[in-house]
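A.B. asks: Protein chains in written order, with the numbering used here: chain A, 23 to 138; chain B, 676 to 790. No residue lacks a Cβ here, since even glycine has one placed at the ideal position from N, Cα and C. Structure incoming, see below.
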Amino acid sequence: AQKITQTQPGMFVQEKEAVTLDCTYDTSDQSYGLFWYKQPSSGEMIFLIYQGSYDEQNATEGRYSLNFQKARKSANLVISASQLGDSAMYFCAMREGGTGGFKTIFGAGTRLFVKA
Amino acid sequence: EAGVVQSPRYKIIEKKQPVAFWCNPISGHNTLYWYRQNLGQGPELLIRYENEEAVDDSQLPKDRFSAERLKGVDSTLKIQPAELGDSAVYLCASSPRRTGYEAAFFGQGTRLTVV
């Protein structure tokens with residue numbers, strides 16, 4: 023069964039510093055995709071970054087990078103140079119292909135607070 | 676490019692009443708999702724459409740929930756009758772279908788309160 027674990031209910035970071043949000047996953051499928059979404063207080067889920075299970079390079083999108091460690095089944099999100107606008111809920115998600123039927127599941131989320 | 680549009684943004688109804696939510700996906704996106712998000716939790720998939728076909732509705736409580744996506748564009752999610760436990764945010768999302776790993780783009784959601 024699919025499972026996504028985000029062990030940090032809340033995180034604090036000082037403005038302009040980097041922060042790592044943890045995500046571990048469990049799957050028996052060889053083909054899967056990992057996603058991170060941001061949900062500000064307005065409620066909309068905003069796609070941040072994607073990592074495919076066969077991608078050898080860690081994904082990067084601007085200030086976001088995904089630290090993908092396949093053997094450890096972890097896909098941590100790194101936000102560099104934090105900004106006040108980064109304060110939000112962050113969700114890790116996984117989609118299994120093939121036998122997983124492309125079903126996407128989400129973790130419980132981590133609330134990030136950026137301090138001025 | 677317009678994003679996923681949902682309406683209404685907020686809805687308050689009494690229990691046992693019916694309610695419907697509407698979603699207009701991003702143009703050209705043939706995959707459409709309905710998720711339910713309870714307070715303090717991540718979204719949970721209710722149903723996924725590929726064009727007008729519901730390809731995954733295993734998590735949809737079919738005794739009271741129904742959904743349709745006529746013509747493979749707009750979609751409606753209905754609850755009848757609503758229960759107190761249905762209070763949640765209902766999120767619609769869409770994605771293009773190429774490899775199956777495309778990111779889903781979400782609307783702002785409908786916050787349902789059942790009293």
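Can you tell me the Cα-Cα spacing of Thr82(A) and Met111(A), whole angstroms?
C.D. replies: 19 Å
A.B. asks: Run through the DSSP bridge pairs and tell me what Leu787(B) is partnered with.
C.D. replies: Lys686(B) and Ala763(B)
A.B. asks: Whose C-alpha, out of Thr785(B), Gly717(B) and Ala742(B), is nearest the C-alpha of Ile127(A)?
C.D. replies: Gly717(B)
A.B. asks: Evaluate Asn98(A) with the Cβ neighbour count: other Cβ atoms within 10 Å of its Cβ, from every protein chain shown; 16 or more gives buried, anything less gives exposed.
C.D. replies: buried
A.B. asks: For Gln783(B), which residues in the same chain have their Cβ closer than 7 Å to its Cβ, ignoring the five residues on either side in sequence?
C.D. replies: Gln681 and Arg684
A.B. asks: Would the stretch 699 to 710 of chain B and the stretch 41 to 50 of chain A be scored as touching if the rule is three or more Cβ pairs under 8 Å?
C.D. replies: no
A.B. asks: Using a C-beta to C-beta distance shorter than 8 Å, which residues of chain A count as neighbours of Pro771(B)?
C.D. replies: Correct list: empty, because the minimum Cβ distance to chain A is about 13 Å.
A.B. asks: By Cβ distance, which residues of its chain are closer than 6 Å to Asn699(B), with the 5 residues on each side in sequence left out?
C.D. replies: Excluding residues within five positions, the ones whose Cβ falls inside 6 Å are Val680 and Asp749.
A.B. asks: To the nearest angstrom, report how far apart Asp761(B) and Pro62(A) are at their CA atoms.
C.D. replies: Distance between the alpha carbons of Asp761(B) and Pro62(A): 22 Å.
A.B. asks: Closest to Tyr76(A) by CA distance: which of Gln105(A), Tyr54(A), Gly131(A) and Ser102(A) is it?
C.D. replies: Tyr54(A)
A.B. asks: Look at the Cβ atom of Glu727(B), then the Cβ atom of Gly703(B), and state whether they are nearer than 7 Å.
C.D. replies: no
A.B. asks: Can you give me, in chain order, the residues of the stretch 711 to 727 of chain B that have a beta carbon less than 7 Å from any beta carbon in chain A?
C.D. replies: Gln716, Gly717, Pro718 and Leu720
A.B. asks: Going along the chain, which unbroken runs of the alpha helix (DSSP H) with 4 or more residues stay wholly within the stretch 683 to 756 of chain B?
C.D. replies: none
A.B. asks: Measuring alpha carbon to alpha carbon, tell me which of Arg739(B), Ser741(B), Phe740(B) and Ile722(B) ends up nearest Asp732(B).
C.D. replies: Ile722(B)
A.B. asks: Measuring alpha carbon to alpha carbon, tell me which residue in Arg133(A), Tyr59(A), Leu70(A) and Glu39(A) is nearest Gly84(A).
C.D. replies: Per the Cα distances, Leu70(A).
A.B. asks: Taking the beta strand (DSSP E) that Leu88(A) falls in, what are its first and last residues?
C.D. replies: Annotation: the continuous beta strand (DSSP E) that includes Leu88(A) extends over Tyr86 to Gln91.
A.B. asks: Please confirm if Phe781(B) has its CB atom under 7 Å from at least one CB of chain A.
C.D. replies: yes
A.B. asks: Using the three-state DSSP reduction, which class does Arg44(A) fall into: helix, strand or coil?
C.D. replies: First, the amino acid is wrong: residue 44(A) is Asp here, not Arg. It is coil, neither helix nor strand.
A.B. asks: Tell me which residue opens and which closes the beta strand (DSSP E) that Gln28(A) is part of.
C.D. replies: Unbroken run through Gln28(A): none, as it is neither H nor E.
A.B. asks: I need the DSSP call for Gly107(A), collapsed to helix, strand or coil.
C.D. replies: helix
A.B. asks: Quick one: measure Cβ to Cβ for Thr785(B) and Phe696(B), integer angstroms, because I've assumed they're closer than 8 Å.
C.D. replies: 5 Å
A.B. asks: Count the other C-beta atoms from every protein chain shown that fall within 10 angstroms of the C-beta of Asp108(A), then say buried if there are 16 or more, exposed otherwise.
C.D. replies: Taking all protein chains shown into account, Asp108(A) has 16 or more neighbouring C-beta atoms within 10 Å of its C-beta and is therefore buried.
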